[in-house]
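Data block below; observations after.
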Amino acid sequence: MSAELALLGVLGAPVLQAALIMLLPKPPGLRDLIHIGFSLFAAICAAYLVSAVAHGESARIVLARPLPNVDLAFAIDPLGAMMAAVLTGLGVLHAVHAAGVVRAKQEASPARLLAFVSLAMAGVCAVAFSANLFSFFVAYQALALAAFPLVAHRGDDEARPAARAFLATLLASSIGLFLPAMIWTYAIAGALDFQAGGVLAGRVDALTANILLALFVLGIAMAAIPPMHRWLPASSNGPFPALVAIQALAVLPAGGIGVLKVVTFVFGPAMEQAVIAAQALIVLVGTGMVVAALIALSRQDIRERLAYSCMAQSLGVVMGALLAVQPGPFAPAGLFAAALQVVALACASATLLMAAGTTAAVTARTKVADYAGLGRVMPWTFAGFAIASASMIGMPPFAGAWAKLWLITAAAGSGLIWAAALASVAAILTFTHLGPLAANALAARAPTDAFKRPDGASILLAAPVILAAAATLSLLVLADPLAVFLSPIWTPGTP
Amino acid sequence: MSGALLDLARMHAPLLMIVVPFVGAALMLISGSARLAWFVACAAAIMASVVGVDFAVRLLSGAPPAIAGVAPQIYVDGVGAFAGALISLALALGVLAVGASLKDAGAREAPVALALLLCGAGSWIGALMAADLIAVVVAVEAGWLAAVGLVAVNAVRERAPLNGALRMLSIGSIGGALMLLGAAMLGRAAGGLALEALPLAHIRMPNLAGAGAALVMLGLAVKIGVAPLHAWAGAALGRGNAMVTFGVGVLSVLGAASVLCRFGAYAITAPEIGAAMSAALAGLGAVSVVVGSVQAVGARNLQRLAAYAGVSQIGCVLMSVALGSPAGFAAALIQLVGFAAAAMAFYGGAAAGRVKSLTMLDGYGQRAPLASAAIATGALSLMGAPLTIGFLGRWRLVEAGVGAGWWWASALVIVASLAGVFYGGRLIERMYFRRANAAYAGEGGVWRVALAPALIAAIVAIGLGFAPLFLLRAAGVASGMLTGIAT
Chain P
10 MSAELALLGV LGAPVLQAAL IMLLPKPPGL RDLIHIGFSL FAAICAAYLV SAVAHGESAR
70 IVLARPLPNV DLAFAIDPLG AMMAAVLTGL GVLHAVHAAG VVRAKQEASP ARLLAFVSLA
130 MAGVCAVAFS ANLFSFFVAY QALALAAFPL VAHRGDDEAR PAARAFLATL LASSIGLFLP
190 AMIWTYAIAG ALDFQAGGVL AGRVDALTAN ILLALFVLGI AMAAIPPMHR WLPASSNGPF
250 PALVAIQALA VLPAGGIGVL KVVTFVFGPA MEQAVIAAQA LIVLVGTGMV VAALIALSRQ
310 DIRERLAYSC MAQSLGVVMG ALLAVQPGPF APAGLFAAAL QVVALACASA TLLMAAGTTA
370 AVTARTKVAD YAGLGRVMPW TFAGFAIASA SMIGMPPFAG AWAKLWLITA AAGSGLIWAA
430 ALASVAAILT FTHLGPLAAN ALAARAPTDA FKRPDGASIL LAAPVILAAA ATLSLLVLAD
490 PLAVFLSPIW TPGTP
Chain S
5 MSGALLDLAR MHAPLLMIVV PFVGAALMLI SGSARLAWFV ACAAAIMASV VGVDFAVRLL
65 SGAPPAIAGV APQIYVDGVG AFAGALISLA LALGVLAVGA SLKDAGAREA PVALALLLCG
125 AGSWIGALMA ADLIAVVVAV EAGWLAAVGL VAVNAVRERA PLNGALRMLS IGSIGGALML
185 LGAAMLGRAA GGLALEALPL AHIRMPNLAG AGAALVMLGL AVKIGVAPLH AWAGAALGRG
245 NAMVTFGVGV LSVLGAASVL CRFGAYAITA PEIGAAMSAA LAGLGAVSVV VGSVQAVGAR
305 NLQRLAAYAG VSQIGCVLMS VALGSPAGFA AALIQLVGFA AAAMAFYGGA AAGRVKSLTM
365 LDGYGQRAPL ASAAIATGAL SLMGAPLTIG FLGRWRLVEA GVGAGWWWAS ALVIVASLAG
425 VFYGGRLIER MYFRRANAAY AGEGGVWRVA LAPALIAAIV AIGLGFAPLF LLRAAGVASG
485 MLTGIAT
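Below is the structure:
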């Protein structure tokens, strides 16, 4: 298999998967087999691409040339390959879990739900592999449109306004802020290609760089930066398979990937020109992390609590990326922290949301107060929940710990002690809204009427949670290899 | 023998593009039944479009074709050939699409409506090929009166559209008078009425010439329905049947906008009045973008929404022309193609199921998946979504605008696209995420084929978004061919 073919596989398989699921919605076994099989295929292709990048191979596919000198193109790079591998790998677990949830909950229109989950996965892979700003913009909008039906899936009076808010926020910010920034970049550089070292490096003055950075970062609303975060709580009305896709595997990670790509491939050293905007944005995201974690504490519905919790974590990605503004040895540390945070957030939030989905499917409980003692009757699921909570909080040796360690180190090393303090406060608040919940679920007395289903959680519902939780341990051994793998991003020219 | 006839026809292509629709219209009146009239109209429209497209392709491929000098009033230039071919294609698709809704127009009225549709298209093509300003004014008035007649014929079954026809007649008459006055003033100041001489004319009275050009432009703007001169648009299109939406909402607007592009291209390159014309067109375009976008967001009637979205799109066309550069003219032509494709897909998808209000769209995706796909594509193109021709046109405008330092034009394009997110998103949400509240009201059986033009337009809107090189080249050549090829 060539790298081009694998790239085509990662991008095309989920689209084909969606088409087949829609064409063959019955029998459910065949539908789920297609869903899981194609997800596995995409994950294998993504893993192959990681290997190809590690061996110095390159691959680029051009789908169209919709504008003069601008291709709709996708190419492999260390950041995109790593993100795609992690997200599609978790996507396999999610495919298995989704098969269990739609059966257990007898979800309406399961084929449509799974098809759009597949399209959302295609969208995030396209974002990760986009070769230029235009392709990123197209993939971003495609992802927003693919995720829109997931939010609107129930089609009731609650889902419709939520879906409208979701789509309006994502598209309006991308058109109103990102598109002008893209046009401006094109006017300055005459090109939109992502390139190591930054397409704007040496071409912008301080004022332009500051404005452009603000437009780009706020325009990527998928990163959930206040006040562009409305879509995230709005999406918490969706069914659990949709929530996993939106908050853990596709939309929220796409925001983090987008900010990382812009900072590294569009700005590069030009970030040093955008100090004012970057520091203002760090204040915004740092405060946003703390406030989101506080709001999460106030929410009694597990879906809303996890939505705000994920938002707090996602803002950590943005903070890490923006720390690249400070010249010196700690700029790469910030970028590395951001990349690790995307991985850690994906693993932990997927685990938490799948665990909550399993709980809702077998006990019909979604209120945090009702979680007390459920760990005693669903030990595997809540073991996964506890591990993922620990990772979100930043407890060693789980993935979140390494990301937060690098983030706080980068902030402190850059002289932004207050940013490190904000990240620490957010971690403490994350502990307050997830720690007691997990502990109470495991330690309290088991409820007598826990299950609405007599047979409890099936293997389809429990196994993915445990495996995803195990993935949060991966950074314990993978952090160093990842740093080497990603180093060409912040040190162009490194093999 | 047939080869010689073909060569003869090709030599007279511009004339045939004008005459064939009129001949078809005359045959309408003796064809009797509505069905037979429709078949004749289809034949005439397809013939005109084949002639038009063949001529434009030959002209824009680089080798100017030979044209017989039998009609001194005809003067072909790149913009005229490009837009003429576009109108003839839109006519063919429009006539094919209205086949399923003949009975809505009435058995006796349908042939008349079809004849007016053909007359309108022939007139607009005539205005695009006219050599002097008076011929332009006459042809524009003929096209406009055909559009008024179309709306009025629609009022035979329902009285409400009569209001629209009356508004069109009264507002359009003022526009016509302004055009005529403007043409006279411009002719007086420039020493002649020939369009080709305008850019090089020694204009003795620049103020008079500027005022005259502005009046012509204003008259055409009324016909296009550019905001704030579009008081007729909602009334005429809001209750119209498929004939009206295609004939007025697509053909008439497209025709008038094309004529304005052509006239603007000549007037703006005349040094004495160019700057004033540019400012006027830019101002009108900007107002149109903002007002059209706001009204589209607030519209509750699907056809009104499409009309207002079209007003916003035409505003972008005017801003492109206002740039006064070949890049700007090319951007305008691309946007005209984009408007035609999006409007055709939009109106065609709606006409297939006789959808008029937004609530009738609820659950339309399940009742009529292909028609919904056409509407969704039209909406996406109108909002300027990437990989549609709408995006391409706006990008070219932005590119040309940034090159000229017109950053505000980029801002307005973004305003139009942002508004598109709201009205387009609302349509898509209704079609695909709401339960149906009524049964499918469209024709069944073989008449489902009438949806084909809307689907073709949707495919064109997407296809040209993916692979636009041919269109870009054609628009580039057309915009650079303002001096025309004489008959």
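From first to last, the protein sequence lines are chains P and S. Reminder that position 487 of the first sequence reads as 496 in this note's numbering, one-by-one numbering, no gaps. Reminder that position 119 of the second sequence reads as 123 in this note's numbering, one-by-one numbering, no gaps. All residues carry an ideal CB built from backbone N, CA and C; glycine is no exception.
Please decide whether residue i counts as near chain S, where near means a Cβ-Cβ distance under 7 Å.
i	result
residue 70 (chain P)	no
residue 82 (chain P)	no
residue 504 (chain P)	Annotation note: pLDDT 38 at residue 504 (chain P) (below 50); position unreliable, no value reported.
residue 119 (chain P)	no
residue 196 (chain P)	yes
Determine the extent of the beta strand (DSSP E) in which residue i is found, giving its start and end residues.
i	result
residue 72 (chain P)	69-76
residue 187 (chain P)	That residue, residue 187 (chain P), is in no beta strand (DSSP E); it is neither H nor E in DSSP.
residue 250 (chain S)	Per DSSP, residue 250 (chain S) belongs to no beta strand (DSSP E) and is neither H nor E.
Does any CB atom of chain P fall closer than 7 Å to the CB of residue i?
i	result
residue 429 (chain S)	yes
residue 128 (chain S)	no
residue 421 (chain S)	yes
residue 489 (chain S)	Low local confidence applies: a pLDDT of 43 at residue 489 (chain S) is under 50, so the model's placement there is unreliable, with the coordinate-based value given in what follows. Closer than 7 Å: no.
Residue i: which of the options sits nearest, CA to CA?
i	options	result
residue 311 (chain S)	S:203, S:118, S:365, S:347	S:347
residue 446 (chain P)	P:364, P:486, P:142, P:409	P:364
residue 427 (chain P)	P:289, P:86, P:83, P:236	P:289
residue 12 (chain P)	P:62, P:35, P:32	P:62
residue 39 (chain S)	S:302, S:103, S:116	S:103
residue 259 (chain P)	P:116, P:132, P:105	P:132
residue 406 (chain S)	S:461, S:212, S:324	S:324
Identify the contact partners of residue i in chain S, using a Cβ-Cβ distance below 9 Å as the criterion.
i	result
residue 247 (chain P)	Per Cβ cutoff of 9 Å: no residues; residue 247 (chain P) is ~12 Å from chain S at best.
residue 34 (chain P)	Chain S residues near residue 34 (chain P): none, gap ~14 Å exceeds 9 Å.
residue 74 (chain P)	470, 471, 472, 473
List the residues of chain P that residue i touches, going by C-beta distances under 8 Å, in chain order.
i	result
residue 402 (chain S)	192
residue 389 (chain S)	150
residue 476 (chain S)	77
residue 396 (chain S)	75, 76
Looking at the unbroken alpha helix (DSSP H) that takes in residue i, where does it start and where does it end?
i	result
residue 203 (chain P)	Taken as a continuous stretch (DSSP letters only), residue 203 (chain P) belongs to no alpha helix (DSSP H), as it is neither H nor E.
residue 58 (chain S)	38-64
residue 141 (chain S)	137-158
residue 83 (chain P)	Not the alpha helix (DSSP H): residue 83 (chain P) falls in the beta strand (DSSP E), residues 79-84.
residue 47 (chain P)	37-63
residue 291 (chain P)	284-307
residue 307 (chain S)	306-326
Using a cut-off of 7 Å between C-beta atoms, extract the partners of residue i located in chain P.
i	result
residue 425 (chain S)	177, 180, 181, 184
residue 399 (chain S)	76
List the residues of chain S whose Cβ lies closer than 7 Å to the Cβ of residue i, in chain order.
i	result
residue 172 (chain P)	433, 437
I want to verify the contact list: residues of chain S whose CB lies under 8 Å from the CB of residue i, in sequence order.
i	result
residue 239 (chain P)	Here the premise fails: no neighbours, minimum Cβ distance about 14 Å.
residue 189 (chain P)	414, 415, 418
residue 169 (chain P)	433, 437, 438
| query | For the stretch 406-418 of chain S, which residues have a beta carbon sitting closer than 7 Å to at least one beta carbon of chain P? | reply | Answer set for the stretch 406-418 of chain S: 406, 414, 418.
| said: Any C-beta of chain P within less than 9 Å: which residues of the stretch 431-442 of chain S qualify? | reply: Along the stretch 431-442 of chain S, the positions whose C-beta sits under 9 Å from a C-beta of chain P are 432, 433, 436, 437, 438, 439, read in chain order.
| Given a limit of 9 Å on CB to CB distance, which residues of the stretch 146-166 of chain P reach chain S? | Going along the stretch 146-166 of chain P in chain order, one finds 146, 147, 150, 151, 154, 157, 158, 161, 162, 164 with a Cβ nearer than 9 Å to chain S.
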